Structure formats: C-alpha cells, structure tokens
Ligand code: SF4
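In the numbering used here, the protein residues as written are 51 to 297.
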C-alpha cells in the first residue's frame, strides 16, 4: 500500500468506555463520503487543513494514555468514516500495534476495497455499522452502493476480526420486528460476533445542519424511544441465538 504519513484527525477523546472493549482513546478521523440521513456529525463530512497530523504525532499522543488501556482497552479509530483515509489509517493502526496498543475500527465498511486486507491485518475489533440490508433502502439511507460494505464484512470474516454489530434505529425506518428478523438472518451465520447493539436515533445533531447551511433530511422524525429500542435489541439477540441453535 502507498504510504501516507499525514492524515486528518479532528479530535481525540480519552477514557471512552463504550466504543470498543475496555478503556479507550477515540480518534475522530475527519471526512466521510456517505450522506446518511440520520447523520448527527455532518461537520465531520469534510476534512479541514487544521486537522492535519502525522502518524508519529498522533501515536505520540495516543501512547500517553497507555497506562489506562489495561488488558482490553486501546485506541478506537472512528469518524467521519476512517476508511476514507486508508493509508493514514493503516499506518496509524500498524504503529499502535507496534507499541502494543490494541486497535478498534468504528466503520460503516465503506472505502477502497483494495485497502481492506491491509487495514484488517492490523485491526483487533470492528464496530461495524449496519445501515441497511437491501440495495434500494441502503442507498436511500446512505447515498452509497451496498456491495462495498458487504465486501468489507466478507473480508473481516476472512481475517477473523472480532466484530461488534451496531445498528442505528430510526423511527419509521427500522423500528419493526420484521427488520429485526431480517437482521437476525443476516447476523446469525457470521463468525466472531462479540456484541450486538441497537443505537436509538437522536436529534442532537440537527443544529449542526444549520451551521453548514444544509436542510436536515429527517426533519420531523422524533428521537427513538430508548425502551422500545432495548426491547427490539433483546428480540434481535434472542432470534440470532435461536437461529444459531437450530442451524
Ligand atoms: S458514515 Fe457516519 S459520519 Fe458518515 S454520513 Fe454516515 S453517520 Fe455520518
């Protein structure tokens, strides 16, 4: 893979407890080619020259928090879409691994297919966002074709990377037991699935659209009820277990 030692990182957050195993530092790589209707970080779609950082500078910062990572923790690379900077992402994750720091990739699985093998070779855990299972609906939700993320998932299975499945649940789009049944059929045959999480859609990003001069695509759609989302999650996990037992 072509080497690129400079990338774009908007911010680091420390002591994260939910974005991957253990205690983690979260590196937010700016830039994303998708346009998910429910995106609450449209300010991360574009890179900013102010975000520029070299791999060495980034890893020096990440190493400072190493005492907190313990056995399980490490660094999570999220975005935007981190696969949008594949050379930088690969270099940064490889450098983390060389320092004994565990790597986690929070991704939609959309990127350059020819870079997936290299990136997955230095990835310990993936937080894999499922944004749709059927071409038309996926494209409506993300403005991207479905096949790329499917190829990413297939490669992740080949590499045996641990996966946490994550699905944002938007009322009126995903909050049905029929969709949970489809998800269960899709997830059950997959290997190395460590966790399945449904994330309730929220409206906290609405104001960011005003600041970037864009209309909010889901105007009027309410936040997802957290209890209902939890019920759907319980059902989904039980269906995945049932399908696996019957297989
Ligand atoms: S992949 Fe993430 S950052 Fe990109 S548009 Fe979708 S929700 Fe927003």
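Cβ atoms here follow ideal geometry from the backbone N, Cα and C, with glycine treated the same way. If you're wondering where the values come from, they're calculated on a predicted model, not measured in any experiment.
Q: Excluding the 5 residues preceding and the 5 following residue 88 in the sequence, name in chain order all residues of the same chain whose CB lies nearer than 7 Å to its CB.
A: 218, 220, 251, 268
Q. Taking contact to mean at least 3 C-beta pairs separated by less than 8 Å, is the segment 221–241 in contact with the segment 253–264?
A. no
**Q.** Whole-Å CB distance - residue 231 paired with residue 274, under 8 Å assumed
**A.** Wrong, their Cβ atoms sit about 19 Å apart, outside the cutoff.
**Q.** Whole-Å CB distance - residue 247 paired with residue 214, under 8 Å assumed
**A.** 7 Å
Q) If you draw a straight line from the alpha carbon of residue 148 to that of residue 173, how long is it in whole angstroms? A) Looking at the two C-alpha atoms, the distance is approximately 12 Å.
**Q.** Three-way DSSP call (helix, strand, coil) for residue 97 in this model
**A.** coil
Q: Please work out which residues of its chain come closer than 6 Å, Cβ to Cβ, to residue 123, disregarding the five sequence neighbours upstream and downstream, and give them in chain order.
A: Closer than 6 Å at the Cβ level, and outside the excluded window around residue 123, lie 72, 73, 74.
Q. How is the alpha helix (DSSP H) around residue 77 delimited, first residue to last?
A. For residue 77, no alpha helix (DSSP H) encloses it; the enclosing beta strand (DSSP E) starts and ends at 74–79.
Q: Give the range of the alpha helix (DSSP H) segment to which residue 139 is assigned.
A: 136–148
Q. Under a three-way DSSP split, which group does residue 245 fall into?
A. strand
Q) the ligand SF4 heavy atoms versus the CB of residue 123: any closer than 7 Å? A) Using a cutoff of 7 Å, the CB of residue 123 does not count as near the ligand SF4, since none of the ligand's heavy atoms is closer than that.
Q) Which residue's Cα is closest to the Cα of residue 81: 280, 206, 163, 133? A) Ranked by how close their Cα comes to the Cα of residue 81, the residues 280, 206, 163, 133 have 133 in first place.
Q.
Along the chain, where does the alpha helix (DSSP H) containing residue 110 start, and where does it finish?
A. 105–113
Q: Measure the CB-CB distance between residue 170 and residue 206 and report whether it falls below 8 Å.
A: yes
(Q) Given a cut-off of 8 Å on the beta-carbon distance, is the pair residue 160 and residue 104 in contact? (A) no
Q) Where residue 146 and residue 278 are concerned, what is the direct C-alpha to C-alpha distance, given to the nearest angstrom? A) Distance between the alpha carbons of residue 146 and residue 278 is about 39 Å.
Q) Which stretch, first to last residue, makes up the beta strand (DSSP E) that contains residue 156? A) 152–157
Q. DSSP three-state call for residue 125: helix, strand or coil?
A. When secondary structure is reduced to three states using DSSP, residue 125 falls in the strand class.
Q | Spatial distance of residue 229 from residue 179 (CA atoms) | A | Each residue's alpha carbon lies about 15 Å from the other.
Q) Under 8 Å between the Cβ atoms of residue 129 and residue 62? A) no
Q) Could you give the residue range of the beta strand (DSSP E) that holds residue 179? A) 175–179
Q: Measure the C-alpha to C-alpha separation of residue 138 and residue 115 and round it to an integer number of angstroms.
A: 21 Å
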